[in-house]
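Numbering (my numbering), first residue to last: 1114 to 1191. These notes are about the structure you will find just below.
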Amino acid sequence: MRITSNEVSAEGKTVVRVRVDRIGAAGDRELWWVALAFEDETTKPEGMFTDKAQALGLAGTLASEWGVQVALTDSALA
1114 MRITSNEVSA EGKTVVRVRV DRIGAAGDRE LWWVALAFED ETTKPEGMFT DKAQALGLAG
1174 TLASEWGVQV ALTDSALA
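This is the structure:
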């Protein structure tokens, strides 16, 4: 699901990557979070998905728009 967050603005910030984080898992189910990551290490949520391919699809689109790379992490293992 795409998230519209008006509480965090990208205005005046430098996007350095698009984060795709696996933030939860139970059995064969997973939860993926997609966010813009800024130079100051703050983030702006862009989407939450139960399907990795959908999360990566949004991340790829955002990375192309901002001219940055996608960083994939698995926070659920930490």
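We treat Cβ as the ideally placed atom computed from N, Cα and C, and that holds for glycine.
Close Cβ partners of residue i (< 6 Å) along its chain, the five nearest in sequence each way excluded
i     : result
E1152 : T1127 and V1129
Minimum C-alpha distance to residue i - residue among the options
i     : options                       : result
R1115 : W1179, L1185, E1143 and A1168 : A1168
G1173 : G1160, G1140 and V1131        : V1131
R1083 : T1163, T1156, D1187 and G1125 : Residue 1083 lies beyond the stretch modelled for the chain, which goes from 1114 to 1191, so this question has no answer here.
M1161 : V1183, V1133, S1177 and G1125 : V1133
A1262 : A1166, T1155 and K1165        : In this structure the chain extends from 1114 to 1191, so residue 1262 is not present and cannot be described.
Beta-bridge pairing of residue i - partner residues as DSSP gives them
i     : result
V1181 : According to DSSP, which records beta bridges pairwise, V1181 is partnered with nothing at all.
Test item: CB-CB of residue i and residue j under 8 Å
i     : j     : result
L1171 : E1159 : yes
L1185 : L1149 : no
K1157 : V1121 : yes
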